[in-house]
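Asks: Right, I'll just put the structure down here and ask away after.
In the working numbering, the protein residues as written are 13 to 129.
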């Protein structure tokens with residue numbers, strides 16, 4: 013049996029609107045990087061916002077324990093919301109905790125809704 017590649021998705025969403033995006037294609041901000049380091053999350057291959065970009069600062073992730081427990085207990089979660097950043101990457105609009113905890117948990121994809129720019 014193969015391991016799941018993403019957390020369980022809430023049934024409140026139409027599967028036709030959901031994309032499974034590689035976490036390697038999501039740009040991390042400073043808050044995501046700091047929390048990842050504090051929690052021992054390996055960041056190899058992760059793209060980071062350029063430091064001169066105002067979006068690079070982000071903010072502290074404060075709901076880590078709640079989201080990690082939900083993922084650990086296989087609780088169905090909503091997809092994250094992303095915007096295309098450039099040709100190959102995405103910016104997180106909603107769901108930074110789910111991205112970082114998914115990476116910590118070993119998932120390689122994350123369910124997402126891609127918003128129009």
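Even glycine gets a Cβ: it sits at the ideal position worked out from N, Cα and C. Owing to the predicted nature of the structure, the values given are computational and were not obtained by experimental measurement.
According to DSSP, which residues form a beta bridge with residue 125?
Replies: BP columns for residue 125 point to 93.
Asks: Is it buried or exposed, residue 41, if we count other Cβ atoms within 10 angstroms and call 16 or more buried?
Replies: Buried, since its Cβ has 16 or more Cβ neighbours within 10 Å.
Asks: Would you mind giving the Cβ-Cβ distance between residue 112 and residue 15, rounded to the nearest angstrom? I have them listed as a contact below 8 Å.
Replies: About 19 Å separates the two Cβ atoms, so there is no contact after all.
Asks: Helix, strand or coil for residue 106 per DSSP?
Replies: In this structure, residue 106 counts as strand in the three-state DSSP scheme.
Asks: Look at the alpha carbon of residue 32 and the alpha carbon of residue 126, and state the distance between them as a whole number of angstroms.
Replies: Each residue's alpha carbon lies about 10 Å from the other.
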